[in-house]
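Shown next, in structure tokens, is the structure this report addresses.
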Amino acid sequence: MSVVNHEKTMESIATMGARLAEEVSQVMAELEAGELTPRGGGRTPRSAAAAAAEAAGRGAAPPRLSFVGHSIGALIVRASLTHPSMSPFLTRLNTFLSISGPHLGYLGGVAPSTGFSVFETGLKVLRAIKGKRAESLREITFADAKKREDCYLYELAHEKRGLGLFKHVMLVSSPQDKYVPHHSARIQPPPEEGGEGGGGGGGKKRSNKATTREMARALLTPVLSKATGGGDTPGGDDDDDKITTLTRVDVHFAPPAKRTLNHVIGRKAHIDFLETDEYVKFLLWSHRDKFA
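Counted from 1, the sequence shown has number 93 at position 93 by the numbering used here; the numbering is strictly sequential.
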């Protein structure tokens, strides 16, 4: 589990992505040197005999690299791919498991009846209180630039070193989670109902929904191109294994016996992703080929 961005999530996504990339580079170097075990957390020292046995079982293939990101952590993973420290490992990327990640940020397409507006209001208040210190909040609400095209999330969506680098992309979401718009976690156009919503931007009077659709298309076009057998992998090699699978999974949590404040404001499902084991076991079993 990554530790470099603990209690630093108000900083810019790019800065946190750089930290993660450097951490990954260090851990991968220690893995290849036989100093760490590749499982059970990835940070346990191992004996020379265990390292030799692992290398022999793997053959000549270097260790593969997979990521699991929850909430803004999914954005940090994507940002890390653009950092130079990750360049040596881009051809080793295997699975990206995104759990309720706001890949399209917080722009329109959410009906007021969903209750999302409660969280959105709180997000704006927190952004106002923290000011410029809340860089990541400004970025996910598109308030970090006057023009949408200059906002960090928009630029990250069009980054060549993106989801198409992975062999498997899994997008886990829940319609019960009101902390992250459902369409944003699934990387798809927003629903037809609802107003423009969202924050920041300025500049051209472009539609929030149009921006969201454009970002979703930019993010998934490389993935879908590879899924159909076409397209090259940016930063990849010339082997024949260039297919990327895309899987969307919706999780429906059991209703609570008693309604709490977290349930009312839509936070409970967002927390349930971290505290519920059943759906994780289901994913690992039903999609075990993606984690082998």
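C-beta atoms are modelled at their ideal positions from N, C-alpha and C, and glycine is treated no differently. Every value quoted in this text rests on a predicted model; they were computed, and no experiment measured them.
Per DSSP, reduced to three states, the secondary structure at Thr247 is strand. The alpha-carbon separation between His83 and Leu137 amounts to approximately 21 Å. According to DSSP, Phe96 shares a beta bridge with Phe67, Val169.
If you draw a 10 Å sphere on the C-beta of Asp272, you find 16 or more other C-beta atoms in it, and that means buried. Cβ atoms of Leu246 and Val169 come within 8 Å of each other, at about 5 Å. A distance of 8 Å or more separates the beta carbons of Phe291 and Thr141. Looking from the CA of Ala210, the closest CA among Glu11, Leu224, Pro191 belongs to Pro191.
Between the alpha carbons of His263 and Arg92 lies a gap of roughly 40 Å. Take the alpha-carbon of Glu23 and the one of Ser2: they are about 8 Å apart. At the C-beta level, Tyr154 and Arg161 stay beyond 8 Å of one another. In the three-state reduction of the DSSP assignment, Thr15 falls in the helix class. In the three-state DSSP reduction, Ser2 falls in the coil class, being neither helix nor strand. Note on geometry: alpha-carbon atoms of Lys146 and Glu139 lie some 12 Å from one another. For Arg78, same chain residues with a beta-carbon under 7 Å away, outside a window of 5 residues either side, are Leu156, Gly162 in chain order. The straight-line gap separating the alpha-carbon atoms of Ser87 and Ala21 is approximately 9 Å. In this structure, the alpha-carbon of Lys268 lies about 14 Å from that of His70.
Its Cα nearest to that of Ala216, the residue Pro189 stands out among Pro189, Thr228, Ser225.
Here His270 really is in contact with Asp177; their C-beta atoms are around 5 Å apart, less than 8 Å. Contact check for Leu97 against Ile13 fails: the beta carbons are separated by 8 Å or more. Around the Cβ of Ala33, a 10 Å sphere holds fewer than 16 other Cβ atoms; the residue is exposed. Distance from the CA atom of Val251 to the CA atom of Ala134, rounded to whole angstroms, is 30 Å. Around the beta carbon of Ala257, a 10 Å sphere encloses fewer than 16 other beta carbons of the protein chains shown; the residue is thus reported as exposed. Rounded to the nearest whole angstrom, the C-alpha separation of Thr260 and Gly101 is 24 Å.
Its Cα nearest to that of Glu278, the residue Ala254 stands out among Ile265, Gly266, Ala254.
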